[in-house]
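Quick mapping for you: the protein sequence lines, in order, are chains B and Y. FYI, our numbering numbers position 344 of the first sequence as 341, with every residue one higher than the one before it. Heads up, our numbering is the position in the second sequence plus 107, with the first residue counted as 1. Input: a single structure, listed below in structure tokens.
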Amino acid sequence: MGRRVRITGADGQEWEGTLVPSHELLGARIVQLKLESGYNIGVRVDPSAQLHVLPSDEPPAAEPGPDTNGEPKTSGSAARGADPVHLLTTGGTIASRVDYRTGGVRPVHDERGILAFFPDLEEGGPVHVVPVFDRLSEEIAPDDWSVLAGRVVEAFHQGAPGVVVAHGTDTLAYSAAALSFLLRDLPGPVVVVGAQRSPDRPSSDGFGNMTAAVRVARRGALSEVVVLMHEGLSDDRFAIHRATRVRKMHSSRRDAFQSRNGPALGWVEGDAIILTEPVRPRSLSSPRVEGRFDPRGALLWSHPGLTPERAERFVEGLRGVILAGTGLGHVSSVHLPWIRRAVAEGKVVLMTTQCLEGSVDPYVYATGRELLRAGVLYGGDLLPETAYVKLLWALGMSDQAHEVGRLLLEDRAGEFEPRHPPGAGA
Amino acid sequence: MKAGLEVHQQLSTGKLFCACPSELSETVNAELTRRLRATGGENHHVDPAAAFQASRGLTYRYESTPKNCLVELDEEPPHPINADAVDVALMLALMLKARPLDEIEVMRKIVVDGSNTAGFQRTALIAVNGELTLSGKRYSIPTICLEEDAARKTGESHGELRYRVDRLGIPLIEVATGPEISSGSEAREVAEEIGTLLRATRKVRRGIGTIREDLNVSTTGGARVELKGVQELRLIQKYADTEEERQRVLLSIRDALRARGASAPTQEAILLTSLFAGVTGGPLADAVRSKGWVLGLRLPGFAGLLKPPGDSAERLGRELADQARAAGLKGLLHSDELPGLGVEESAVAQVRTALDCREMDGFVLVASRDEASARRAIEAVRVRAARALEGIPSETRDPLADGRTRYSRPLPGRDRMYPETDVPPVRVDAERLRRIRESLPERPEAQRARIAKSFGLPMESVRQLQQLDELERFEHLVGKGHDAPSVARLLTQTLPSLEPPTDAVAEAPPIDDGLLHTLLQAVERGDFAKEGIGPVLGALRAGAPNVEEAARRAGLKGITLEELARMAERLVERNLAMVRDRGAEAFSPLMGDLMKEARGQIDGGQIAKALREAIARKSASSPR
């Protein structure tokens, strides 16, 4: 790779260029060349084709790869004196660039690369980059949430005024909710941030998101886990969401993250951080991790045609299940028998709504009342995903089903919103 | 001069990477603002052109219309490349005898001037090594690309550029010729022939701005300069000539600078605001009033060469001012135009002292309300002045309406290209090429030869018909039995000279093939003469509901040969003395009068014949 070559095809056509790593999607027998003009082309190499390696006047282009010195780095140019904001990186689009092997985007291994990508990051003070994982967010699992929480606590103990967690957006809301349930007595903000466009693109939303996140971590007057992303399609305002009430509502838009069942906590615009909802203020408390995740919980999205046999098999071996029911929190009455058996076996069954907006209510229809009698807990306006993360945490907190149930229904991190004013929905 | 052309033609296939139509819109239903950063390509080099644009630190405001979707706003990944557009590009490639690639890879070309919401333009090389033969000369076509058009600029205000994304993503075929064009008129011919080939695919958009030409010009000793977006074909000649002249003048200035031992400016820029405290008018006044920045820079050995005597508008002072403009200022002042422009002679002397200028030294002044822009501008001027000693910098230039050009940005390099990994590559297989080869349109030169031969038309009329894209209509109308020269005249002369329709006339029938057929039939029946076609079409444009009524409104009733004969008889009677006196020679003076009376109502040849006969009768019957 990186060599200058001349390929002479079966038809006599000559191609000169630099060999570049081929795309996974490329057809068989196609090699990819970068021409002098900068264009890449695919050239079919038949058995009769000839390939000559040409002398090169510049050293072969280095393939981007691991380049870490293993040490977290604080930029020397940053203002001294102030405690650095800690930036925990986990991978994801916000720290990705084009991977010439797979053709997709892949995470940057090198934390120095992060500061190179975001040259404005330290304009308000130093930033200390701490690589934690190097994964796209769909590869992040519940055990990783606990590791991440431990690193957040460490960062605060080292004097960080706030912590930024850079995370892939696909499962960002799960991880953010997990941090909300695990972390106790936070002294300052934990800002989970992502990007919908990778920072190797001039138009990446990552630049604005990251700068605003660092700003909130440094100066925001709150001590909660929040998610910060674009408020709209413009690069000028960034919404601050409570981590337990936010959801990725679009596969690609910059403003994919929306607070459900109520407004966002506030926004960042330029230098200003504006909080419009009540938040937990900064404190001098000493943070800690409370609890762990028991993986024996799951989330079941109910749908017409779901057979009770399949559902019962799904909950086998589990200690609890979150149902994303229809409407006010319903599943077909054919499921009542297995639900009764599951509850009798000590499994926790919690109902949420797949409407993603509004509360469940067991009293309006007969089905709801029957489910309630079968032992199903009703989870108010908990988002299904938040409920799932909370279930794993609650299972980790207690062996007792009734205690797990009690924890599930008790507000721990602002995950319930009892008031739903009209127009307050996202 | 050696020049190459790049012709960019919009396609009507729908957008290249989404399902939106290839249409513009005047309705804005959403706006958003963005910022762009220069980012590295595969090897993390930042392209000079990209870095330059990003350094301007602008905000971009995008207007979205009902014809747009999230893809144009960079809010949804691009869809797979439009297969119809690829087919058109491959069709053109085959028509230009080019070699299509085995597999097409879409690239991102970093362009952070805001014209692309993503910060890059998607482009793909489709074919290489084509050729075009025109008037016996062969031009190489090194590349044929398919790329997306940029958003169109709709406004600019302090620190903000406004774009509408309706045009963004319309497919553009880019055909590049080798540097084999040696005159402006040749450039024009080649551009027109490529345009004709493109239209032959029947998948192109029509109208102003749908085809654009870039001109790559280099002269002996000069550098390659790209003139971006020459919209009017007829100006290509002028731009090429102007560019040749500009390069010639700048090279002679370079030689003069070298001969007198001028050197690159290395002195620090000096703050001179205090020298101009009394200035109330001219380019410096605003900066002085707002307590801003006036910076001066000594140009060692440049005196008299910034604005050399003579008529040439192309001079070094203007090149330096372009740099200041590109850096965000309105321009600059240089020593060859001072005193003047609000600056007194005494102030000039003070500047020269402050900058430590000797007699042969020139200087420039830039003024701005803020320090950063003033410094950015003066540093750009410094770099450009140093280049003046080397030759012509390679750069992208904007063509102006008067045929001159203006610096726009450095020429972008290969570092601005990296793969568009969101779009899968496209395999070009033999089956696809076979299918396209079978549906290739007739080649323009073959079409011209065929039409000229089978209809006995002069080649120039055929060429005109082709330029106007009227060949199909021509063949259709002639096929209905109309006379070929008349149809050609109607399509190449009468129709193009027609006034454009006004909005007030909503009911005017469209001037389509059916209407032209009716019109020609009326002439052939003798309802009115062929000279009446123009007035009748005018009346139709003005709202006449049909040909018959249009003829009436145009005052053309059509007359019979008998009526014409009586008209001629009466005229001769009125001028009997002259007819008797001059006999057949009375024809010339009388023909004008009879034409006035009968023009458009009957064929001109018949009018002459009738008059001759009437004169002959009178002369014959007159007593001797």
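All C-beta atoms in this analysis are idealised placements derived from N, C-alpha and C, irrespective of residue type, glycine included.
If distances are taken between C-alpha atoms only, which option among the options comes closest to residue i?
i	options	result
Gly243 (chain Y)	Y:Leu402, Y:Glu296, Y:Glu549	Y:Glu296
Asp529 (chain Y)	Y:Val471, Y:Val213, Y:Arg313	Y:Val213
Ala113 (chain B)	Y:Pro519, Y:Ala145, Y:Ala225	Y:Ala145
Glu133 (chain Y)	Y:Ser381, Y:Ala537, Y:Glu170	Y:Glu170
Leu230 (chain B)	Y:Gly712, Y:Glu179, Y:Ala231	Y:Glu179
Gln344 (chain Y)	Y:Asp220, Y:Lys414, Y:Ala646, Y:Gly291	Y:Gly291
Ala461 (chain Y)	Y:Glu502, Y:Gly408, Y:Glu375, Y:Pro526	Y:Glu375
Arg724 (chain Y)	Y:Ala693, Y:Gln708, Y:Met702, Y:Glu502	Y:Ala693
Arg26 (chain B)	B:Val40, B:Leu133, B:Val213, B:Glu367	B:Val40
Lys216 (chain Y)	Y:Glu267, Y:Ser129, Y:Thr230	Y:Thr230
Arg377 (chain B)	B:Leu406, B:Asp43, B:Ala146	According to the sequence as given, residue 377 (chain B) is Gly; it is not Arg. Considering only alpha carbons, the answer is B:Leu406.
Gln708 (chain Y)	Y:Gly316, Y:Ser264, Y:Ile666	Y:Ile666
Tyr270 (chain Y)	Y:Lys260, Y:Phe581, Y:Arg331	Y:Lys260
Arg432 (chain Y)	Y:Gly408, Y:Val473, Y:Ala410	Y:Val473
Leu627 (chain Y)	Y:Gly639, Y:Glu656, Y:Pro617	Y:Gly639
Gly699 (chain Y)	Y:Ala675, Y:Ile277, Y:Glu680	Y:Ala675
His83 (chain B)	B:Leu169, B:Val28, B:Ser134, B:Val190	B:Val190
Gly6 (chain B)	B:Asp43, B:Pro18, B:Val28	B:Asp43
Leu315 (chain B)	B:His417, B:Ile336, B:Pro52, B:Ser329	B:Ile336
Taking Cβ-Cβ distances shorter than 7 Å, what residues in chain Y pair up with residue i?
i	result
Gln10 (chain B)	Arg206
Asp232 (chain B)	Thr140, Arg141, Arg142
Asn37 (chain B)	Glu212, Met214, Pro526
Ile27 (chain B)	Asp209, Glu210
Suppose contacts are defined by Cβ-Cβ distances below 7 Å. Is residue i in contact with residue j by that definition?
i	j	result
Ala174 (chain B)	Thr383 (chain B)	yes
Leu379 (chain Y)	Gly399 (chain Y)	no
Pro184 (chain B)	Ser282 (chain B)	yes
Pro372 (chain Y)	Leu406 (chain Y)	yes
Lys310 (chain Y)	Val195 (chain Y)	yes
Ile248 (chain Y)	Ala205 (chain Y)	yes
Gly435 (chain Y)	Ser480 (chain Y)	yes
Val490 (chain Y)	Leu439 (chain Y)	no
Ala366 (chain Y)	Leu412 (chain Y)	no
Glu287 (chain B)	Arg181 (chain B)	yes
Lys437 (chain Y)	Gly424 (chain Y)	no
Leu197 (chain Y)	Gly237 (chain Y)	no
Ile233 (chain Y)	Leu357 (chain Y)	no
Glu254 (chain Y)	Gly276 (chain Y)	no
Ile237 (chain B)	Val222 (chain B)	no
Glu412 (chain B)	Gly259 (chain B)	no
Since residue i meets chain B, which of its residues come closer than 9 Å, beta carbon to beta carbon?
i	result
Ala225 (chain Y)	Arg194, Arg198, Pro199, Ser200
Just to make sure I have the definition right: I need the residues of chain B whose C-beta is within less than 7 Å of the C-beta of residue i. Which are they?
i	result
Pro184 (chain Y)	Ser249
Val219 (chain Y)	Pro199
So which residues of chain Y does residue i contact, with C-beta pairs closer than 9 Å?
i	result
Ile4 (chain B)	Near Ile4 (chain B) there are no residues of chain Y at all, since even the closest Cβ is about 11 Å away, more than 9 Å.
Can you name the residues of chain Y whose CB is closer than 8 Å to the CB of residue i?
i	result
Val428 (chain B)	Any property of residue 428 (chain B) remains undetermined from this structure, which presents chain B solely from -2 to 423.
Phe204 (chain B)	Arg142, Arg144
request  = Using a Cβ-Cβ cut-off of less than 9 Å, list which residues of the region 128 to 148 of chain Y approach chain B; keep chain order.
outcome  = Ala137, Glu138, Leu139, Thr140, Arg141, Arg142, Leu143, Arg144, Ala145, Thr146, Gly147, Gly148
inquiry  = Counting only Cβ-Cβ distances shorter than 8 Å, please list the residues of the region 514 to 529 of chain Y near chain B, keeping chain order.
reply    = Gly520, Arg521, Asp522, Arg523, Met524, Tyr525, Pro526, Thr528
ask   = Counting Cβ pairs closer than 8 Å, one from the region 278 to 288 of chain Y and one from the region 172 to 187 of chain Y, do we hit at least three?
value = no
request  = Determine contact between the region 303 to 316 of chain B and the region 151 to 163 of chain B, defined as no fewer than three beta-carbon pairs at a distance below 8 Å.
outcome  = no
ask   = Are at least three pairs of beta-carbons, each pair with one atom in the region 528 to 548 of chain Y and one in the region 209 to 223 of chain Y, less than 8 Å apart?
value = yes
message = Contact between the region 136 to 144 of chain Y and the region 299 to 310 of chain Y is defined here as three or more beta-carbon pairs at a separation below 8 Å; is this criterion met?
response = no
query = How about the region 349 to 364 of chain B and the region 217 to 228 of chain B: do they share at least three Cβ pairs that are nearer than 8 Å?
reply = no
query = At a Cβ cut of 7 Å, what residues of the region 530 to 544 of chain Y count as close to chain B, listed as they run along the chain?
reply = Pro531, Pro532, Arg534
ask   = Between the region 81 to 90 of chain B and the region 127 to 139 of chain B, do three or more beta carbon pairs fall short of 8 Å?
value = yes
query = Taking a cut of 9 Å between CB atoms, which residues from the region 380 to 396 of chain Y lie near chain B?
reply = none
request  = Check each residue of the region 166 to 197 of chain Y: if its Cβ is closer than 7 Å to any Cβ of chain B, include it; give the result in chain order.
outcome  = Leu177, Leu180, Asp181, Glu182, Glu183, Pro184
task = Mind the definition here: the region 361 to 374 of chain B touches the region 262 to 281 of chain B only if three or more C-beta pairs lie below 8 Å; say whether that holds.
result = no
Three or more C-beta pairs below 8 Å linking the region 210 to 223 of chain B and the region 161 to 176 of chain B = yes
query = Taking any Cβ of chain B, which residues in the region 224 to 244 of chain Y have a Cβ under 9 Å from it, in chain order?
reply = Thr224, Ala225, Gly226, Phe227, Thr230, Ala231, Leu232, Val235, Asn236
Validate contact between the region 295 to 303 of chain B and the region 237 to 252 of chain B using beta carbons, cut 8 Å, 3 pairs = no
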